[in-house]
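Taking it in order: structure first as structure tokens, then the write-up.
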Amino acid sequence: MSGNTRERHDTTNDKGAPSADPNRSTIERLKKIAELSMTLSGEPVDIFRKIAAMIGELLDVRIVCLSEIDDGKLNFLSVYRAGEVMTDAGSCVLANTPCSTVQDTRDLRVYHDVVNKFPKAIFLKKHNAYSYCGFPSLDSEGNVVAVMCLLDDHYHPFTEEDKDLLRIFAQRIGVEVERKNRLVQQRKAELRMARQQAEFDAIFNAISDCVAFIDPDLRILQVNPALGRQCGYTMAELAGRDIGGLCADPDASRLLRQSLRSPGAATRHRVQKIRYRRKNGTIFAGETLGSRVEENDSGLSGYIVIFRDITERERQEEIIRRLDRLDSLGILAGGIAHDFNNLLTAILGNISLASMHATPEDPSAEYLQDAEKAAVRARNLTNQLLTFSKGGKPIRKPLSLPPLLSESASFVLSGSTVRCRFDIQDDLYPIEADPGQLSQVINNLLINAMQAMPGSGTIEVRCRNISIRPHSALPLTPGPYVLITVRDHGTGIPEKYLDRIFDPYFTTKQKGSGLGLATSSSIVSRHGGYIGVESKRGMGTSFHIYLPAGRAGEPQHRDSAKPAPAAHHRILIVDDDESVRKVAAGILREQGFHVEIAASGAEAVEIYSNCRDQGRRFDLVIMDLTIPGGMGGLETMAKLKEIDPEIRAIVSSGYSNDPIMADHAAHGFAGVIAKPYRQHELMEVISTVLAS
């Protein structure tokens, strides 16, 4: 359009004659304004388009721009150009433009030769503008929010009528800009609320805690899926129901109501433990938090209740509490067992000494034999107490299973109407096990079998050699094993309990700790074995114990009696218990040994050092592991090794579960013997160490 001159619509006709009534143009404008007022409705963007087109036509200008002022920019809301209207036509910088002066003066501004007056206004050059007319649009607070800008490429006089017309449209533009911004904010708020609602719904549906929204009358409005799953109801079944109906009993319902309606409930957020009842009637404990929901200033709109099932957590906490009590019991039991084992050592030793001086024809020989059996049973009890309360590594040694099984059965079934039938393979593989711990396993299984047959019956004990092959279903290393099966013909174990019978504290008995089978499983596992169970209701139960075979699976044979060690060996006994020192010294002196005794570690080091300086070397030291006060057995052993690196020592303790007892060689000891011990057991260990 640059360089072109358009025809002007003035008051003369083509022949130079005056036109008809000059006010007719004004009337036409007013008619169009009236029509415009009637049609200006709808969305702000449509109204902006109509206003731009109407101004362009009424004022006969080439370009009309309706621009919103936004943070130093002009955003073109609608642009009329040569009969066409564009919306959202981009933006430009407000500074250094005539529109900026309109904003500053808050009044109409008219410029001719505008490009030269505002050389930095790019959009003026782009449209080859010569005449400019700008009018401000104000919002309800009097702020300039938009500029109505008219451009022409030639001189365009803007009359007072033009200005009145622009003033009318400017007011409407200001109103529509405000409405547009309100609509934008409203839509943003709606989108934000929709997004927040979507996020809330996602969390509400995914959260594992049970959530219920309830009205002021405590009736359920909405619950999340977790609550439905936990309680077994559908939303349709819960809608409108009193929240107290989910509680297990009236007391629980009353507690929930009080926690919601009590003063300060909106801010206190105190967690309550409330019992709930599922649809199927089962009850669970729920950790519950209730809170008021306030709706601005209108007051209470309802409540939110959140709870979670803490049954499993309470069970775990109870197990931890029991284990803590068991740890305390273990410390107590260990001390008692240690002292009791020292007493039993003295008792068994004195019985052995008395038996050595009694002839077979002496009536006291039988009494002494019975007393020794009773003391051995007492020893088994202390071993069980230690293993039950503290566990510990097994002190393994070659073991003949038939005598151990027979002794356990005789001990457990004594005085009952239940009998035991043995079926043991002749060439049974030997095993290496802790006799005290393994006896406890057998005793536990026999006790369970006896209790499963309260009237009478027969327990079957079967032993077989087996081989575990690679890829076996059993969790065992391939190789030779001994399988011990203990079977009863009692009531059996329900199938639903079979996977839990080895769990700590699980029991179906009226009386019982629920630790017998858990302890047995732990012991067998520490021996490198496995214990399994088979049971059918009304047909009995079979427990299967798999234990690794010893000595490459060679059949076990009774060892011939080892020759007694040569006399005149010098032995040092170190023990804080006088009765143990006395009986051990008596046994060894009866066998021809030279014996010296020490009551403490310091005394043992002094005696050993003096004798060595005098050329009287000890052949063996029997060292008590637990010596109260001063140096303990392990520290004393280290001092003696400094004196004599070739020292040979046997470690002895009433704490049979001490790790040093289970792995004595790693701590410098040549042998181990647990208290209490009998004379032949002590001599067997001494013979082995002296012969090594």
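Residue numbers for the sequence shown follow the numbering used here, so the first one is 76 and each next one is one higher.
Even glycine gets a Cβ: it sits at the ideal position worked out from N, Cα and C.
Query, Result
"Delimiting residues of the beta strand (DSSP E) encompassing R539", "532-543"
"Endpoints, the alpha helix (DSSP H) within which R304 is located", "300-306"
"Rounded C-alpha distance that separates P477 from A281", "60 Å"
"S514 (DSSP reduced to helix, strand or coil)", "helix"
"Cβ shell of L695 (< 6 Å), same chain only, five flanking positions each side left out", "I646, R723"
"Per-residue burial, T616 [other beta carbons within 10 Å of its own, 16 or more giving buried]", "buried"
"Coarse secondary structure for M34, derived from DSSP in three states", "The displayed coordinates of the chain run from 76 to 767. Any statement about residue 34 would go beyond what the structure contains."
"Local Cβ density within 10 Å of I289, reported as buried at 16 or more and exposed below that", "buried"
"Alpha-carbon spacing of T492 relative to H564, whole angstroms", "14 Å"
"Start-to-end residues for the beta strand (DSSP E) that takes in E671", "669-673"
"Cβ distance (whole Å) where A737 is taken to contact I426 below 8 Å", "No, A737 and I426 are not in contact; Cβ-Cβ is about 28 Å, not under 8 Å."
"Proximity winner among E387, Y605, S376, C140, relative to T552 (alpha-carbon distances)", "Y605"
"Inter-stretch contact (C-beta, 8 Å, three-pair minimum) for the stretch 290-309 and the stretch 244-252", "no"
"From C285, D509, I697, residue whose alpha carbon lies closest to that of A301", "C285"
"Bounding residues of the alpha helix (DSSP H) (the contiguous stretch that carries P173)", "173-180"
"Cβ neighbour criterion (16 or more within 10 Å) applied to S215", "exposed"
"M161 beta carbon less than 8 Å from that of V168", "no"
"Completely contained alpha helix (DSSP H) runs for the stretch 246-277, where each covers 4 or more residues", "none"
"Test item: CB-CB of L520 and V561 under 8 Å", "yes"
"Cβ-Cβ distance between C322 and R367 below 8 Å", "no"
"L480 and A508 closer than 8 Å at C-beta", "no"
"Proximity winner among Y308, D237, A429, relative to V658 (alpha-carbon distances)", "A429"
"Range covered by the beta strand (DSSP E) that runs through K148", "148-156"
"Status (buried if at least 16 other CB within 10 Å, exposed otherwise) for P703", "exposed"
"Paired residues, beta bridge with I697 - DSSP", "I648, I725"
"Those residues which DSSP pairs with V608 across a bridge", "F618"
"For F288, the first and last residue of its enclosing beta strand (DSSP E)", "285-289"
"Endpoints, alpha helix (DSSP H) assigned at V658", "653-665"
"CB-CB length for V252 against A277, believed under 8 Å", "Going by Cβ atoms, the distance from V252 to A277 rounds to 37 Å, so no, they are not a contact pair."
"Rounded C-alpha distance that separates F497 from E535", "6 Å"
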